[in-house]
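Visitor: The structure under discussion is supplied below as C-alpha cells; questions concerning it will follow.
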Amino acid sequence: MTTVSHARARRRDRRVYLRSHPVLFGLLAVTRGRPVRRLGRTLLVHGPDAYREALTRLPLDRTAAGTTGAAARAALQGGGGVLFDQEGGGHRADRRGLAGGLGAAGVEELRAGWQPLLVRRLAPLERGGEVDLVGLARELSGAVVCALSGSGAAPLAVAEAAAEAAAASVRSHLPGPRRPRAEAAAARATERLRLLLGSADEALPAMVAVAAVNTTVAALPRAVAWCADAGLWEQAADEELRPALADELLRVTAASPLLPRVAAADGAVGGCPVRSGDRLLLVARHAAGAHRRDPDALRPAGPAVDRLVFGAGPHACPGARLARVQLADVLGALAPYRPVVTRARVDRGAALPGWRALTVRARSTGAGS
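Count along the sequence shown starting at 1, add 6, and that's the number in the numbering used here.
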C-alpha cells in the first residue's frame, strides 16, 4: 500500500504562489486569521460564510476597475458584455447558453473527444518516457474550446492565444509589478484568438476560451503533482473514489485562488460593514479550507465546501462540472502508471498561479522527483 503524506505535496504546490505572486499571497497568509479583515477601503474575505455572503447577498459592481469583469473586458478589448461583467438578463441568457455545452449531456459529448487525446498524450509513459502535463492541459483545454465553439483551429494555437490574452490583462488587477506593453500584447493575442475561433464580432466564445484554458492549465498539473507527491494513486485508481478525489484536489489547488470584486452598494460581510465602492478580495482557497485540510477522497470536505473554489450562487462558475469530470478522467488515465514528478518549473508570467512545465514518468525502481 502506498504511504500517504501531504507535506511534500504542500511544499511543492506552495511554490506556485511564492514565485508568481509572493507579495500578494504573503499578505493573504498573514491576514487569514480572521474571516474578514479591513485594510483601508479593501476587505480581505477568508471565512467560508463571509465568502458565500459576499457572492450571494452583497450587490457587486461587475465592471469596476480591479474586478474579474473589468479584466475580462480588457482581455477581450470590449465587444459588449462577456458574462463576467454582465448584469440581469444578459448575464442569465449567456449562462443558459453555456448550460447546454457544459451540462451533464454536453460534458459527456466533450469526453468523447478528449479521451482519445489522453491515450495519445500519455502513451510515452508506457515506453518509460516522460510527459509534460502542462502541454497536455493546453491541448486538452484547447480541444474543449474548439469543440464548444465549433472552430476547426489547432487546439494548441487556441490555448496559446487564450493564455497570452489572460496573462497580459488579468495580472493588471493584482498587486505587483506591471508587465510593459501589456495592453498591446493583450490586443494582439485577443485578435488572434478571435480569428482562430471565427468570432471576430463576438466576445462570448473568446471569453469561454480565456476562462477554460487558463483554469485548466493552472489546475490540472497542480492537482496531478499533489496526487503524485502525496501518494494518492490508489484513490485515483478506484472508480468510486475518483470523483471525490478530483473534487478534493481541485479544492486544495484552487485554480482561481482569489476573486477580486467591488461592492455596488452598502452592506455587510461577515459582520463587517461594507461601503459602496469598497474593494473585496475573496480568498477562495481559504474559504474552501485549502490551507488547513488535506485532500482525502475517504473523508471529503463535501460540496458545501469544496465547490466554493468555483464561486457561489449567481457567481458560480458554469464550468465546474467540466473541470471535475476532466480531472477525474486524467487521474484515471494516469493511475495505472503511478507517475512521479521529475521536473517542475513555475510559470511566473501566467494569469493564474501554475506550472510552466510539470513533467512526470511512470514509477519504476529508483524513480523519484
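Just so it is clear, CB atoms sit at the ideal spot from N, CA and C, and this is done for glycine as well.
Please read these numbers as outputs of a predicted model, since none were measured by experiment.
Which class does residue 162 belong to by DSSP, given the choice of helix, strand or coil?
Guide: Helix, per DSSP.
Visitor: Please list the terminal residues of the continuous beta strand (DSSP E) segment that includes residue 48.
Guide: That run of the beta strand (DSSP E) goes 48–51.
Visitor: Please check the pair residue 281 and residue 66, which I expect to be a contact at CB under 8 Å, by giving their CB distance rounded to whole angstroms.
Guide: Contact flag wrong, Cβ pair sits at about 13 Å.
Visitor: If you run the structure through DSSP and keep just helix, strand and coil, what is residue 221?
Guide: Note: residue 221 maps to helix in three-state DSSP.
Visitor: May I ask which residues mark the beginning and end of the alpha helix (DSSP H) holding residue 250?
Guide: 248–259 is the span of the alpha helix (DSSP H), which, as asked, contains residue 250.
Visitor: Compare the Cα-Cα distances from residue 56 to each of 346, 308 and 292 and report the closest residue.
Guide: Answer by Cα proximity: 292.
Visitor: Pairs of beta-carbons, one from the stretch 341–359 and one from the stretch 25–36, closer than 8 Å: are there three or more?
Guide: Yes: the two stretches touch, three or more of their Cβ pairs being nearer than 8 Å.
Visitor: Can you round the beta-carbon distance between residue 303 and residue 257 to whole angstroms, since I take them to be within the 8 Å contact cut?
Guide: Rounded, the Cβ-Cβ distance is 11 Å, inconsistent with contact.
Visitor: Bridge partners of residue 273, per DSSP?
Guide: Note: residue 273 sits in a beta bridge opposite 280.
Visitor: Between residue 284 and chain B, is any beta-carbon pair separated by less than 8 Å?
Guide: Of the protein chains in this structure there is only one, and it is not chain B.
Visitor: Under 8 Å Cβ to Cβ from residue 51, same chain only, skipping five residues before and after it: list those, please.
Guide: Excluding sequence neighbours, residue 51 sits near 41, 42, 57, 60, 275, 276, 286, 287, 288, 289 and 293.
Visitor: How should residue 164 be labelled, buried or exposed, when 16 other C-beta atoms within 10 angstroms of its C-beta is the threshold for buried?
Guide: Label assigned to residue 164: buried.
Visitor: Report the start-end ranges of each beta strand (DSSP E) in the stretch 275–328 that is 3 residues or longer and not cut off at the edges.
Guide: Runs found: 278–280 and 285–289.
Visitor: Less than 8 Å between the C-beta atoms of residue 328 and residue 140, yes or no?
Guide: It is not a contact, given that the beta carbons lie outside the stated cut-off.
Visitor: Going by the DSSP bridge assignment, what does residue 266 pair with across the sheet?
Guide: Its beta-bridge partners are 287.
Visitor: State the Cα-Cα distance for the pair residue 356 and residue 134, rounded to the nearest angstrom.
Guide: When rounded, the distance between both Cα atoms is 30 Å.
Visitor: Does residue 200 pass the burial test, meaning 16 or more other C-beta atoms within 10 Å, or should it be called exposed?
Guide: Per the 10 Å Cβ criterion, buried.
Visitor: Which whole-angstrom value describes the C-beta separation of residue 221 and residue 358, a residue pair presumed to lie in contact below a C-beta threshold of 8 Å?
Guide: Contact flag correct, Cβ pair sits at about 7 Å.
Visitor: Could you check the C-alpha separation between residue 307 and residue 190 for me, to the nearest Å?
Guide: Each residue's Cα considered, the two are about 43 Å apart.
Visitor: When we look at the beta-carbon of residue 241 and count the other beta-carbons within 10 Å, is it buried (16 or more) or exposed?
Guide: Under this definition residue 241 is a buried residue.
Visitor: Would you identify the three-state DSSP class for residue 238, choosing helix, strand or coil?
Guide: The answer is coil: DSSP assigns residue 238 none of H, G, I, E or B.
Visitor: Looking only at C-alpha atoms, which of 270, 159 and 260 sits nearest to residue 223?
Guide: That would be 260, whose Cα lies nearest to the Cα of residue 223.
Visitor: My output table needs one value for residue 126: the three-state DSSP class, helix, strand or coil.
Guide: Of the three classes helix, strand and coil, the one that applies to residue 126 here is helix, per DSSP.
Visitor: Measuring CB to CB, does residue 239 end up less than 8 Å from residue 129?
Guide: It is not a contact, given that the beta carbons lie outside the stated cut-off.
Visitor: If we call anything under 8 Å between Cβ atoms a contact, is residue 15 one with residue 312?
Guide: Their beta carbons are not under 8 Å apart, which means residue 15 does not touch residue 312 by this criterion.
Visitor: Could you give the DSSP three-state label for residue 43: helix, strand or coil?
Guide: Note: residue 43 maps to strand in three-state DSSP.
Visitor: In three-state DSSP terms, what is residue 37?
Guide: DSSP places residue 37 in helix when its eight states are reduced to three.
Visitor: With 16 as the cutoff for other CB atoms within 10 Å, does residue 196 come out buried or exposed?
Guide: Flag for residue 196 reads buried.
Visitor: Please classify residue 17: does DSSP put it in a helix, a strand, or coil?
Guide: Helix at residue 17.
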